[in-house]
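Student: Just so we're aligned, residue 26 is where the sequence shown starts under the working numbering, counting upward by one. Got a structure for you, written out below as structure tokens; questions coming shortly.
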Amino acid sequence: MFNFRQACILSIAILLIFTSGCSLTASQKSDSIHLILGNPSNANTSDDNNYLIIKKQYALSYNRHKGIPNWVSWQLNKSWLGNAPRSNNFRPDDTLPSEWYRVVPNDYTRSGYDKGHMTPSADRSNNPEDNAATFLMTNIIPQAPDNNQGYWAELESYTRTLANTGKEIYIIAGGYGQQGTIGKGKVAVPERIFKIIVVSEPGKTVDAINESTRVIAVDTPNYNGNKESHWSQYLTTIDELEKKTGYDFLNYVNTSIQKVIEAKFDSSANLKKR
């Protein structure tokens, strides 16, 4: 026979086992609206090369060694869009630890690469403060001009079109691989640049993501010579991006739903060239 104390201990143990198998809500996992679908690399504030930064405008994993974000995640809907002017004030991020090197705009000078936004300036046009936040160098990667100014810009514009129709969108973008450095070795140049776009409805939580949710995933080359390409030529699946990056995307979404939508190739994209 168990005594009362033993019975209590057993009850607590069973409860812990049961709850450990349950999915936590997004609010339990992160207070940031930009991480409602997940933290792909389990970024935190104790890892220099997977350093979690949460801002009002977006969230990201920063790589101190590479001087660029591993990935940036943000929400997009009509409330983030407006008529605020483009800041153009590229500047170092003074929220990084004081002993870290802080990338400056001059590190990109005469490099042959654009200062490529992950969270685009135009995705934060609701007010000057939010727009200015997109010009922090922790939101920037070296991006080939033909990529940045061509099909990547078109995909950004298409995503804002979806937002303007009333959709609520969650986006994750970043780079992987490396093809050298700029800024006297202080900034790594990614070989490829990816983006994941999850199209949902306003006011919905992570629980609203289901097997029919539209997901767009692209994996683009970070070099010149293909400016006239259409972004749909670089469509892929989240499963493929996970294999190439080592990240676990949408990891706050129900596992069974992840299996379906992460294997999807977006068939509703416009496959025509410009």
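For every residue, glycine included, the Cβ atom is placed at its ideal position computed from N, Cα and C. As the structure is a prediction and not an experimental result, all values here were calculated from the model.
What residues match up with Q168 in a beta bridge as DSSP calls it?
Tutor: According to DSSP, Q168 bridges with D139.
Student: Under 9 Å, do S194 and Q100 count as touching if we go by C-beta distance?
Tutor: A small correction: the amino acid at residue 194 is Ile; Ser does not occupy that position in the sequence shown. Their beta carbons are under 9 Å apart, which means I194 touches Q100 by this criterion.
Student: Quick one: what's got a C-beta closer than 6 Å to D73's C-beta in the same chain, skipping five residues either side?
Tutor: Correct list, in chain order: R89.
Student: How many angstroms separate the CA atom of R185 from the CA atom of G191?
Tutor: Straight-line Cα distance between these residues: approximately 10 Å.
Student: Residue range of the alpha helix (DSSP H) that I282 falls in?
Tutor: Per DSSP, I282 belongs to the alpha helix (DSSP H) from T280 to I286.
Student: Going by the beta-carbon positions, is the gap between S104 and L85 smaller than 9 Å?
Tutor: It is not a contact, given that the beta carbons lie outside the stated cut-off.
Student: Taking only runs of the alpha helix (DSSP H) that begin and end inside the stretch 220 to 297, which ones reach a length of at least 4 residues, in chain order?
Tutor: The qualifying runs are 263 to 270 and 280 to 286.
Student: How should S237 be labelled, buried or exposed, when 16 other C-beta atoms within 10 angstroms of its C-beta is the threshold for buried?
Tutor: So S237 ends up on the exposed side.
Student: Here's the rule: buried if 16 or more other CB atoms are within 10 angstroms of the residue's CB, otherwise exposed. What is G107?
Tutor: Exposed, because fewer than 16 other Cβ atoms sit within 10 Å of the Cβ of G107.
Student: What are the start and end residues of the beta strand (DSSP E) that includes W177?
Tutor: From DSSP, W177 is part of no beta strand (DSSP E) but of the alpha helix (DSSP H) over W177 to N189.
Student: Return yes when the Cβ of I78 is within less than 9 Å of the Cβ of D118, no when it is not.
Tutor: It is a contact, given that the beta carbons lie within the stated cut-off.
Student: Using beta-carbon positions only, say whether G208 and V285 come within less than 9 Å of one another.
Tutor: Taking 9 Å as the Cβ cut-off, G208 and V285 do not qualify as a contacting pair.
Student: Can you find the residues in the same chain that come closer than 6 Å, C-beta to C-beta, to L121, ignoring five residues on each side of it along the sequence?
Tutor: Taken in chain order, the residues that qualify are R127.
Student: Touching or not, the stretch 128 to 143 and the stretch 225 to 236, by the rule of three or more beta carbon pairs under 8 Å?
Tutor: Short answer: they don't touch.
Student: Would you kindly work out how many angstroms separate the C-alpha atoms of E253 and E287, rounded to a whole number?
Tutor: Rounded to whole angstroms, E253 to E287 spans 28 Å at the Cα level.
Student: Going by DSSP in three states, E154 sits in which element: helix, strand or coil?
Tutor: Residue state, collapsed to three classes: helix.
Student: Taking all protein chains shown into account, do 16 or more other C-beta atoms lie within 10 angstroms of the C-beta of S182, making it buried, or fewer, making it exposed?
Tutor: S182 comes out exposed.
Student: Would you report the Cα separation of G202 and V224, rounded to the nearest angstrom?
Tutor: In a straight line, the C-alpha of G202 is about 27 Å away from that of V224.
Student: What residues in its chain sit with their C-beta under 7 Å from that of K289, if we drop five residues either side in the sequence?
Tutor: Hits under 7 Å: V240 and T262.
Student: Exposed or buried, T163, counting other C-beta atoms within 10 Å across all chains shown (16 or more means buried)?
Tutor: Buried is the call here.
Student: When the Cα of Y87 is compared with those of P170, D56 and S66, which residue comes out closest?
Tutor: Minimum Cα distance to Y87 is reached at S66.
Student: By DSSP, does N67 sit in helix, in strand, or in coil?
Tutor: In the structure shown, N67 sits in coil (DSSP, three-state: anything other than H, G, I, E or B).
Student: Counting C-beta neighbours from all protein chains within 10 Å, is the total for S123 16 or more, i.e. buried, or is it exposed?
Tutor: S123 is exposed by the Cβ-count criterion.
Student: Report all residues from its chain with a CB closer than 6 Å to the CB of N75; omit the five preceding and five following residues, and keep chain order.
Tutor: Excluding residues within five positions, the ones whose Cβ falls inside 6 Å are S66, A68 and S86.
Student: Hey, could you find the ends of the beta strand (DSSP E) E216 is sitting in?
Tutor: Careful: E216 lies outside any beta strand (DSSP E) and carries neither H nor E.
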